[in-house]
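The next block holds one structure in the form of structure tokens; read it before the comments.
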């Protein structure tokens, strides 16, 4: 379509002024003339036909009576036809009348006159009294119905000549043609005048400009036009003169510049010789610097290794107090960090100096890879990142190469993946790339689901002392040498290293994939690993898809009868029909409520059971209780083979009790009973607790501690909903305060009464480290202290609870005394104090709630209900806890849905308030039997 349009424009030259003028004048006039002529011809033809119709009506009207009499006479006396015809002949005196006839409705002629009088007339089939025109033989027939004088109706028909109509049509057409011709002559005259006045001078100016060049700019321009075009020609002539003078000046300046440039080039040639000599000296100095840096790095690393070794020996002594142990741990971490930096600089210096040489020694490839991942698995476990490791079945079991440098490359890539992956998974793969005789090129990849690398930062990934983003160094640390060293090591191993963006492969994926290949020598005489477990049956359920896929491939290679459950319900249904045979294994992963999962499995199945998870996340006490074995993440083929061979044992020994001596915890909560319970639970673990009733008090305590250079708090428990300054605001203030001190960071654990699905993510996003829902249990405290404090603790067995006094006559929905004792760490005095404090707070809380309802201050009412709800979670009052929680959730709808309180809402609030009063009254009555004892 575009080519056709362009062709039409070129043919008609519509891009020129002349063509546009013709198109804008002739085409509209031609359209108007065509439309007007058509309308004129149609109107004149219609007028002629109308005039003929009126003539026909007049003729028929004049002779209607005569025709009726003649028709009557013919009916009475047919012999009078000759006389009747003579009478009817007078109609031929009418203008344009060709013939006339009296006929019946079937076209049968009774009497006819004119030329071709005997020719048939058209048949009349109408109930009208007048018809016409009917076109026949290029003429028009009109008819009028005669008044009936007998049983048969008759018509008077006449035929008029159409030639006058045609003549009138031709006359009109001739006039239109003459008019159009005259109009075209006038337009041609106007066009000729316009062309001579405007278009021709423009073409002359254009031709003059085309003939111009640098040599004839000074030639005069002929002025042969008038008006505005003459002024334009004068302006063009003046412009050409100025251009001529400018060209002459530019020519002189160019010649002068060429002379200056020639002299400058001569000077630069002399300077290049000097610079070349300086470059050679700089290269020599850089080589000397690299050698010196390599030597001094080695000298620094030697004493640091001794320092780290002696610290390790001292830490194994049992006569150190907590403060000394903390100091040694700090020194060890600092020395380890410094040693890692020096190692990177040393490796880089050796590579830069060309002194790094790889060793060749046989080692087991899979074990080397697993050692690197096993060393980094605690970091992945702390960040809840799943690591999966797949080792291809056709890879050699043993290769010859530098195992330390290979581990260094793999450790760099995996540690970077863990560092830059806030959540998700890391998948490590090893596959055969090229298999030669006596050698093999193996491809390794580390895929993560982290923050990825921006397009502009990819070029700097493998450069020295650089990271993908300048802000990354401050956020994650590091020297920026890891990838640069890995690249050099891979090149020494005759391989390649690269990077892939996962989104380029699949738009829905996140993160990146770093890969490298390395060439190893292979002993061709070594036998491949052949394992056959056809007699073993494995039923598994792993929630992590990559780990489940690795397990599936390994079991297929070992010919294991494998049944993979698609859900926990599917697993439970399969366990009902599973025998407890020694060659049957059930493998489940560690996640969620593992205790409840293992308890449910043991209620259905009593055979071999394995729990898949990180070593630091799997509780050995729990494994011993349920007679389960650990299958540590990431999965190795050797551990899987040992498991299938039943080379496992159960931990039956009683672990030592937990001792948190030396820990100093800051507990922040605006409700005193919450602080008392938390202090009591921590006291059971020998942990010192400092209480703060508001966020401002907590900041003041931390500020005083830092100003006095005291030991920082080991951990902070932070309530979320507090007046004036919420837990979120307090956390942000603490993080801001930390930035003013070096190497100071407090682990902050959120405490809240509601465990919403998305609350943990929100709290972690504002700077908190972990999340615990109230009421907090002692097992949770132990897990938090182990995970978020620097000291090393051993797990504790489940604490037995001594039941206090019970009263079976009291409804446990109103007051559950056993639950109260459990929430108070099995301390009856503490449980009674908490119950008394709750009872004493009822009057104040009810008065405040009633006042807030009257004032319709529902945001503050939600806060008061939350405070009361938090207090009920530390006392065994299930019904009061339920009513208070439901009341708070109902009031929070106004804030969540951002709507106003209507009459229905207020009535519902009053109804829930009455219910709350009733439950509080029953709770007070039930508590009297315990408080009086």
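In the working numbering, the protein residues as written are 6 to 938. Where a beta carbon is used, it is the ideal one built from N, C-alpha and C, also for glycine.
Asked                                                                                                                                                                      : Found
State the CB to CB distance for the pair residue 517 and residue 457, rounded to an integer number of angstroms; the pair is presumed to be in contact (CB under 8 Å).     : 5 Å
Thinking C-beta only, is residue 436 closer than 9 Å to residue 364?                                                                                                       : no
How is the alpha helix (DSSP H) around residue 87 delimited, first residue to last?                                                                                        : 86-93
State buried or exposed for residue 803, treating a residue as buried only when at least 16 other CB atoms are found within 10 Å of its CB.                                : Per-residue confidence for residue 803 stands at a pLDDT of 38, beneath the threshold of 50, marking its modelled position as unreliable; no derived number is given.
Inspect the beta-carbon positions of residue 101 and residue 60 and report whether they are closer than 9 Å.                                                               : yes
Measuring only the C-alpha atoms, how far is residue 216 from residue 179?                                                                                                 : 52 Å
I'd like to check one pair, residue 670 with residue 718: are the Cβ atoms closer than 9 Å?                                                                                : yes
If you draw a straight line from the C-alpha of residue 977 to the C-alpha of residue 138, how long is it?                                                                 : The shown model of the chain, from 6 to 938, leaves out residue 977, and the question about it has no answer.
Is residue 814 buried or exposed, if buried means 16 or more other CB atoms sit within 10 Å of its CB?                                                                     : Note that residue 814 scores a pLDDT of 47, beneath 50, so its modelled location is shaky; the value from the coordinates is reported in the next line. Exposed, since its Cβ has fewer than 16 Cβ neighbours within 10 Å.
If we require 4 or more residues per run, which alpha helix (DSSP H) segments fall completely within the stretch 203-287?                                                  : 205-215
Put residue 666 into one of helix, strand or coil per three-state DSSP.                                                                                                    : coil
Around the C-beta of residue 512, are 16 or more other C-beta atoms found within 10 angstroms, so that it is buried, or is it exposed?                                     : exposed
Hey, out of 144, 552, 159 and 133, whose CA is closest to residue 114's CA?                                                                                                : 159
With DSSP as the reference, identify every bridge partner of residue 544, one or two as the case may be.                                                                   : 568 and 591
Could you tell me the distance, in whole angstroms, from the CA atom of residue 42 to the CA atom of residue 181?                                                          : 7 Å
Answer yes or no: do residue 573 and residue 546 have a C-beta to C-beta separation smaller than 9 Å?                                                                      : yes
Quick check on the DSSP output: the alpha helix (DSSP H) that includes residue 514 runs from which residue to which?                                                       : That residue, residue 514, is in no alpha helix (DSSP H); it is neither H nor E in DSSP.
I'd like the span of the alpha helix (DSSP H) that includes residue 142, first residue to last.                                                                            : Neither: residue 142 is in no alpha helix (DSSP H) and is coded neither H nor E.
In terms of residue numbering, what span does the beta strand (DSSP E) encompassing residue 707 cover?                                                                     : From DSSP, residue 707 is part of no beta strand (DSSP E) but of the alpha helix (DSSP H) over 700-712.
Determine the DSSP secondary structure at residue 83, reduced to helix, strand or coil.                                                                                    : helix
Which partner residues does residue 447 have in the DSSP bridge list?                                                                                                      : 437 and 523
Pick helix, strand or coil for residue 609, following the three-state DSSP scheme.                                                                                         : coil
For the candidate residues 695, 691 and 666, whose alpha-carbon lies nearest to that of residue 680?                                                                       : 695
Using the Cα positions of residue 602 and residue 828, report the straight-line distance between them to the nearest angstrom.                                             : 24 Å
Which residue marks the beginning of the beta strand (DSSP E) containing residue 160, and which one marks its end?                                                         : 159-165
So, residue 735 versus residue 727, is the Cβ gap smaller than 9 Å?                                                                                                        : yes
Nearest CA to the CA of residue 933: which residue from 820, 848 and 239?                                                                                                  : 820
Terminal residues of the continuous alpha helix (DSSP H) containing residue 504?                                                                                           : Run containing residue 504: none in the alpha helix (DSSP H); it sits in the beta strand (DSSP E), 502-506.
So residue 633 and residue 614 are in contact, right, with Cβ under 8 Å, and what is the actual spacing, rounded?                                                          : 4 Å
Cα-Cα, which of 225, 207 and 244 is closest to residue 233?                                                                                                                : 207
Going straight from the alpha carbon of residue 380 to that of residue 417, what length do you get?                                                                        : 12 Å
Quick one: using the 10 Å Cβ neighbour count with 16 as the cut-off for buried, is residue 386 buried or exposed?                                                          : buried
When you compare the CB positions of residue 893 and residue 870, do they come within less than 9 Å of one another, or not?                                                : yes
Return the chain-ordered list of same chain residues with a C-beta closer than 6 Å to the C-beta of residue 542, the five sequence neighbours on each side being excluded. : 566 and 589
Report the three-state DSSP secondary structure of residue 380 (helix, strand or coil).                                                                                    : helix
At the level of alpha carbons, what is the spacing between residue 174 and residue 129?                                                                                    : 30 Å
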